[in-house]
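Student: Residue numbers (the working numbering), protein chains in the order written: chain A, 1 to 430; chain B, 431 to 991; chain C, 992 to 1250. Glycine included, each C-beta is placed from N, C-alpha and C at the ideal position.
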Amino acid sequence: MIIEDVLCPFCGCLCDDIKVEVEGGRVVGVKRACRLGSSKILGHERIGAPMVRRDGKLFETTYDDAYDRAARILKGAKRPLLYGWCSTVCETAKKGILLAEEVGGVIDSTATVCHGPSIIGIEEKGLSGSTLGQVKNRADLIVFWGANPAEAHPRHTMRYSSNSKGMFTPEGRGGRKVIVVDVRKTRTAKNADKFILIRPGTDYEVISALRMIVKGKGDLIPETVAGVDKADLEEAAGMMKAAKFGSILFGLGMTHSRGRYKNVDNALSLVADLNGFTKFVVMAMRGHYNVAGFGQVCAWETGYPMAVDLSRGAPYFNPGETAACDLLGRREADAMMVVAADPASNFPRATVEAMAEIPVIQVDPFPNPTTFLADVVIPTAVCGIEAEGTAYRMDGLSLRMKKVVDSGLPTDEEVVENILDRVRRLADDN
Amino acid sequence: MIIEGGIVYDPINGVLGEEMDVSIEDGRVVEESQDGEKIDARGMLVMPGGVDAHAHIAGAKVNTGRIMRPEDGRRGTEARTKLLRPSTGYTVPNCYAIGYRYARLGYTTAFEAATPILEARHTHEELEEIPIVDKGALTLFGNNWEVLECVRDGDLDKLAAFLAWGLRASRGYGVKVVNPGGGEAWGYGGNVKGIDDPVPNFDVTAREIIRYLMRANEALRLPHSVHLHTNNLGKPGNYETTLATLRAVEDIASSRDRQVLHVTHMQFSAYGGTGWRDFESKAPEIADYFNRHEQFTMDMGQLIFGSATTMTADAPLEYGNARLLKAKWSNHDIELEESSGVVPLVYGRKNPINAIQWAIGLELALLTEDPWQMIMTTDHPNGGPFVNYPEVVALLMSRAKREEELATLHDLASKRSSLPSIEREMDWNDIAIVTRAGPARILGLAEKGHLGVGADGDVSIYDINPEKVDPSKEHEEVKAALAGAKYAIKGGEVVVRDGEVVAVPQGRTYWVDASVPEDAAARVKADLVEKFAKYYSIQMSNYMVQDAYVTRPRVIGAGVI
Amino acid sequence: MRKVIIKPLREFQVPVEAERISPDVFAPLSIEEIRRLEIWEGNRKVTLSDLFMISGDDEPAPPGDNEIFLYGDFSRVKRIGEKMTSGTVVVKGDVGMHAGNGMSGGEILVEGSADDWLGREMRGGKITVSGDAGEYVGAGYRGESCGMRGGEILVKGSVGDYLGEHLCGGTITVGGDAGDFPGIANRGGVIVIGGNAHLPGAEMASGTITVRGRARVLPSFQRLETVEIDGIPFDKFLGDLVDGGKGELFAASVEDGGR
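(1) If you draw a straight line from the C-alpha of P379/A to the C-alpha of G1033/C, how long is it?
(2) Less than 9 Å between the C-beta atoms of L141/A and F245/A, yes or no?
(3) Return the first residue and the last residue of the beta strand (DSSP E) that T1038/C is part of.
(4) Helix, strand or coil for D1057/C? Go by DSSP, reduced to three states.
(5) Strictly under 9 Å for the Cβ-Cβ distance: is T494/B near chain A by that measure?
(6) What alpha helix (DSSP H) runs, 4 residues minimum, are completely inside the stretch 286 to 311 of chain A?
(7) Give the range of the beta strand (DSSP E) segment to which A509/B is assigned.
(8) Kindly list the residues whose CB is nearer than 7 Å to the CB of F168/A, restricted to its own chain and excluding five residues on each side of it in sequence; keep chain order.
(9) Is there at least one Cβ from chain B nearer than 9 Å to M240/A's Cβ?
(10) Taking Cβ to Cβ, would you say A147/A is nearer than 9 Å to D203/A?
(11) Would the beta-carbon of K230/A fall within 9 Å of that of L274/A?
(12) Could you tell me whether the Cβ of S128/A comes closer than 9 Å to any Cβ of chain C?
(13) Could you spell out where the alpha helix (DSSP H) holding E1032/C opens and where it closes?
(14) Okay, do the stretch 926 to 934 of chain B and the stretch 848 to 859 of chain B touch, 3+ Cβ pairs below 8 Å being the bar?
(15) Name, please, each residue of chain B whose Cβ falls closer than 7 Å to the Cβ of Y160/A.
(16) For H905/B, does the count of other Cβ atoms within 10 angstroms reach 16, so buried, or fall short, so exposed?
(17) Determine the contact status of E549/B and L397/A, defining contact as a CB-CB distance below 9 Å.
(18) At a threshold of 8 Å, does D585/B count as lining the ligand GDP (C-beta to nearest heavy atom)?
(19) Is R1011/C close to chain B, meaning its C-beta is less than 9 Å from at least one C-beta of that chain?
(20) So if I threshold CB-CB distances at 9 Å, which residues from the stretch 1124 to 1141 of chain C count as touching chain B?
(21) Grab me the residues of I986/B's own chain with a C-beta within less than 6 Å of its C-beta, minus the 5 sequence neighbours each way, in chain order.
(22) For P774/B, does the three-state DSSP call read helix, strand or coil?
(23) Got a sec? Which residues, its chain only, sit under 6 Å from T992/B by beta carbon, not counting five neighbours each side?
(24) Under 8 Å by Cβ, that's how I've got I716/B and A678/B pegged, so tell me the actual separation to the nearest angstrom.
(25) On the three-pair Cβ rule with 8 Å, is the stretch 1113 to 1120 of chain C touching the stretch 1138 to 1146 of chain C?
(26) Identify whether M806/B lies in helix, strand or coil by the three-state DSSP scheme.
(27) Pull up the CB-CB distance for V264/A and S118/A, whole angstroms please, since I reckon it's below 8 Å.
(28) Could you tell me which chain B residues have their CB closer than 8 Å to the CB of N290/A, listed as they occur along the chain?
(29) Give me the Cα-Cα distance between G479/B and A540/B, rounded to the nearest whole angstrom.
(30) Please report the residue range of the beta strand (DSSP E) in which S1211/C lies.
(31) Name the residues in the stretch 1177 to 1193 of chain C whose C-beta lies less than 9 Å from a C-beta of chain A; which are they?
(32) Can you tell me whether DSSP reads R393/A as helix, strand or coil?
(33) For the structure I just gave you, are there three or more beta carbon pairs, one from the stretch 405 to 413 of chain A and one from the stretch 441 to 449 of chain B, closer than 8 Å?
(34) Between A1196/C and the rest of its own chain, which residues show a CB-CB distance below 6 Å, the 5 nearest in sequence each way excluded?
(35) In this structure, does DSSP put A192/A in helix, strand or coil?
(36) Three or more C-beta pairs under 8 Å: does that hold for the stretch 458 to 475 of chain B against the stretch 888 to 898 of chain B?
What follows is the structure in structure tokens.
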């Protein structure tokens, strides 16, 4: 049986045209998804059963036991960190936030190592954006800055950007210009009309120079800016101003190089400046398929999109102080729950070492390096394949993920709810 | 329950300050109830629960406001309690704060002013999180490609079928139109300059869009009329566009016992002058028109000094605001459908423009003779947050308060408006109309806004005695009493007592399911299949809002029989 | 002078939020009442005496006459001196984040180093740090257009990134290096950096930044002339021109490749 229009639970593209072939209650084939999405949908090694660590080794246990232990760990902690949330649905996040409120913890998402800086940039300047369909239908200039969709978002250029065809863009790639700005010539750069190589850590200066040129003050800037020829920047600025509808799509190259949120901040300003001349939008190329969703849920529930400290009962937001890497980097957290993320793989080393010193609860379908640090491991159904729920695409569009097969496993949401229930019972006992 | 001895204002049923009991059973008002809770409301003001017909409380642009304004988040922060989730925010409160704060004001119904169809799922996710109040959302149609094409082709039947489909797809309640045509022009950074300025690439004008949408709205006999945010909103001299718009639709008849068009936050559309230098109020002209044309209604869009967050589907307006004020600016264009912008700002008493704007909202309300044509709003949070509604009520009821306020403002408020000369003071009957009875009628909510038998058991009781307190002089008391209801009752359950939330039931979400002839529906579907295949960035089967997002629906039927 | 002495009873791992440690809060209270003040250790609400040993003069006194001495490691104790209007706080060790948040008067002396957000949104008064300070010294809160509006901060050592972000008034002096983006988005105020700085004054609208060491300067700053300050030549720049800013940047030496 072929199930149509399935949403891919991998990256921020949230492609919703996937065909999944199901036979005998199992996924046997996937069409249209890229290799990243296919791999996830076809499935790979799973955590078999709940586990608990004793004397350094993981032993199987029951779900009930795992819930109890997890609840005790969280309830007993003075600064529990509830982290992850990017590869699960919004419904899980809602329960997670409630759990964080009740245990007086800090809740944060993988944006902390991804587009958290973009959010901080938005807090300074706002963001002039659109849905991806606007880019498809109207954009005649695409700028990828510090982003390499050829590797990280494989179907993006075809579905939404460089190679897509829309109402006012019937020629597709032929009717567009593509500029790539990066610190090395990536696969995406090889398909660009113009490639600007910049030195690592100099995005901010280059953007300032572009803004000066865009605003007609190019005379005042030097002949080279951070190693980039002014002529190159003038050409790029010219292409931007000549576009009918330009778009800048930026990735971790901007958010994680020196300058961090200030790079994004300046890019947002550049786009605002460009809107004085032509239509321009900007978008963050979100990594995981629902990190944007967590941000949305967290914002409407607490007022802030990430890094929310609930230890005193009222939400407090201050990335740099309340983000996951902050807590771990300073060794403040005395317990951690990881839901649908793999910090051991993505975090800076010092923070991973901090994780090793505290009790860690992992809620995930798949074993990964975080499992090596976990003291309680709780396997769950894979959202988007074995469980339904809501996810938000990188442009903020929400869609409903489908369930195509049964797993017999609890969902992330159910697990978090069960832990919450045990936490409440522990509180009542007191 | 029985609410005993209160001084009741129920204008829909002709009750104007009578001492009487109100009985509720099974969530509805009944003739008489013997059992249940007794609430002693003697010496207190009793009205139906408040109905907010226009506020931006749920959806993508509201959340954008929250995300871009952590500095707003930290205002209005309240820690969680055993019963309540934490609250944050002043102009862009979190969902829980929205529900709790409405309830404390004695409001029991609130409608989200504008949702795009493509992002309606998000709107409903937020509405589901707002506790206590009953709610609904108005669906945006004025820049939608299918709408523009139906208008261009003069196909009224197909347009009506599309409206029905769009309301179902978005689980929306009514037809919202914002800067028609301009939102589409903004797709390439443009706008329309008036109702006869053609929309690029579609060869239709705002005049045509509005007329067709109104006719289709009436063909479907929808409970609410078209709800319009005019073109040229916010621009000096725009009152001419407003009047031209109204004149353009004078001939259209309503299909139900209600207005044929509701113009929203009229304050922003009642401007004279040619620029900011000679900016002035044209509220008298607008009010005069409404006084001679009973088929139109409006809401105030009153300014509140202090922090505000403007958020609207009028994206070009927001871009203009941001450039003028050098403020942070968020914009979000939605493929094939709409666009929107969010800009935080501060309204200052000594800012001459803001002072005049403040006067205009009040002028409109006071110069429009029939209170049934007027709803009190601040276009939350564009004019100011809804927690300030008691301030607006006090201003409407007290000339002395208006004079006190004017004295603190830039003097252009007095010179460029007629406010100083207005003597009228609204009474409790008027207030009950402009905050409850009127909006319920205007929206077409038959069981809201009144306390007749069969009405929803939504009641607000304020600790102020209308027979003893003179609102004209004791406006401080009026404001204080309305800021925290003595009791707020929702569906027969006490949700607020002494200004504190004591229960958090889940409200219901209204939406309209309109029926249309099969052939028109099929033609719409064919168009949509093509649009999804070629232009949308998602699949048609993933588009519509699913049941999971509206867990307590209240579906109102409509349509061609 | 009314002296109050506070010493931690143990080492803290989970941070302590102690905005109650302030001359204004202590002023009307006896030592016993001070001991019962509510503070937080992570998500646990406790009293000051649960975590600290408190001694000193029992008699209440006006805030301006209160001197609070903190002995020991306060590096994980946040919000000390928050919103104080007068009086003195002396930290004989390191101090945690948000020391002197929103203060409008009085003095804080830190003999060790200070953590991030020192003097956040300060309005007046004086903070002196003998050691180093962290990021966001004299900065604002996220999303606000103005941070520090008045007062004086002196850090004898070095500071981290985003020194004086959104500065609107007041003076910040750093003896050593500043990190990235000192004086970013400033609309007034004076910043003096004894050592080096990376891209100072980005988005600056007005104000003055002096870098006595080496600065990497943005392409959107315009070099005007050379001026002498204390007998040393400085390059004077106008910026940040990207938004028509009229801030002044003085740099004793400019990094190659920066311009």
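Tutor: In terms of the structure at hand:
(1) As a position in the first sequence, residue 379/A is number 379, starting the count at 1. As a position in the third sequence, residue 1033/C is number 42, starting the count at 1. Whole-angstrom Cα-Cα distance: 29 Å.
(2) As a first step, residue 141/A is located in the first sequence; it is residue number 141 there, counting from the start. As a first step, residue 245/A is located in the first sequence; it is residue number 245 there, counting from the start. Against a cut-off of 9 Å, the Cβ pair of F245/A and L141/A comes out as a contact.
(3) Within the third sequence, the letter at position 47 stands for residue 1038/C. Its beta strand (DSSP E) spans residues R1035 to T1038.
(4) Taking the first residue of the third sequence as 1, we reach residue 1057/C at position 66. Reading the sequence as shown, one finds Asn at residue 1057/C and not Asp. In the structure shown, N1057/C sits in a strand (DSSP, three-state: E or B).
(5) Residue mapping note: residue 494/B aligns to position 64 of the second sequence, counting from 1. Closer than 9 Å to some Cβ of chain A, the Cβ of T494/B qualifies, so yes.
(6) 291 to 302
(7) To locate residue 509/B, count along the second sequence from 1; it is residue 79. It is not in any beta strand (DSSP E) - A509/B carries neither H nor E in the DSSP assignment.
(8) As a position in the first sequence, residue 168/A is number 168, starting the count at 1. Counting only Cβ-Cβ distances below 7 Å, and skipping sequence neighbours, we find N137 and R138.
(9) Within the first sequence, the letter at position 240 stands for residue 240/A. By this cut-off, M240/A is not an interface position.
(10) By one-based count along the first sequence, residue 147/A stands at place 147. By one-based count along the first sequence, residue 203/A stands at place 203. No. Outside cutoff.
(11) Position 230 of the first sequence, counting from 1, holds the residue named residue 230/A. Position 274 of the first sequence, counting from 1, holds the residue named residue 274/A. It is not a contact, given that the beta carbons lie outside the stated cut-off.
(12) One-based indexing of the first sequence puts residue 128/A at position 128. Cβ-Cβ to chain C under 9 Å: no for S128/A.
(13) Within the third sequence, the letter at position 41 stands for residue 1032/C. That residue, E1032/C, is in no alpha helix (DSSP H); its beta strand (DSSP E) goes E1029 to E1032.
(14) no
(15) Residue 160/A sits at position 160 when you count from the first residue of the first sequence. Ordered by position in chain B, the residues that pass the 7 Å Cβ test against Y160/A are S967.
(16) The sequence position of residue 905/B within the second sequence is 475, counting from 1. Label assigned to H905/B: buried.
(17) Position 119 of the second sequence, counted from the start, is the residue given in the question as residue 549/B. Position 397 of the first sequence, counted from the start, is the residue given in the question as residue 397/A. Yes.
(18) Within the structure as shown, the ligand GDP is missing, as the structure has no ligands at all.
(19) For the purposes of this step, residue 1011/C is identified with residue 20 of the third sequence, where counting begins at 1. For R1011/C, the answer is no, since every Cβ of chain B falls outside 9 Å of its Cβ.
(20) G1131, Y1132, R1133, G1134, E1135 and S1136
(21) As a first step, residue 986/B must be located in the second sequence, where it is residue number 556. Within the same chain, I986/B has close Cβ partners P653 and V942.
(22) Taking the second sequence and counting its residues from 1, one reaches residue 774/B at position 344. Note: P774/B maps to strand in three-state DSSP.
(23) For chain B, the structure presents residues 431 to 991; residue 992/B sits outside this window and is missing.
(24) For the purposes of this step, residue 716/B is taken as residue 286 along the second sequence, with counting starting at 1. For the purposes of this step, residue 678/B is taken as residue 248 along the second sequence, with counting starting at 1. In fact, because the Cβ distance is near 15 Å, the residues do not count as touching under 8 Å.
(25) yes
(26) Here residue 806/B is taken as the residue at index 376 of the second sequence, counted from 1. M806/B falls in the coil class under three-state DSSP.
(27) In the first sequence, the residue the question calls residue 264/A occupies position 264. In the first sequence, the residue the question calls residue 118/A occupies position 118. Rounded, the Cβ-Cβ distance is 5 Å, consistent with contact.
(28) Mapped onto the first sequence, residue 290/A falls at position 290. The premise fails here: N290/A is roughly 13 Å from chain B at the closest Cβ pair, so nothing lies under 8 Å.
(29) Counted from its first residue, the second sequence places residue 479/B at position 49. Counted from its first residue, the second sequence places residue 540/B at position 110. Whole-angstrom Cα-Cα distance: 10 Å.
(30) Stepping through the third sequence from its first residue, residue 1211/C is reached at position 220. It is not in any beta strand (DSSP E) - S1211/C carries neither H nor E in the DSSP assignment.
(31) H1189, L1190 and A1193
(32) To locate residue 393/A, count along the first sequence from 1; it is residue 393. R393/A falls in the coil class under three-state DSSP.
(33) no
(34) Against the third sequence, residue 1196/C aligns to sequence position 205. Cβ neighbours of A1196/C beyond the five flanking positions: R1178 and G1236.
(35) Position 192 of the first sequence, counted from the first residue, corresponds to residue 192/A. A192/A: coil per DSSP, three-state reduction.
(36) yes
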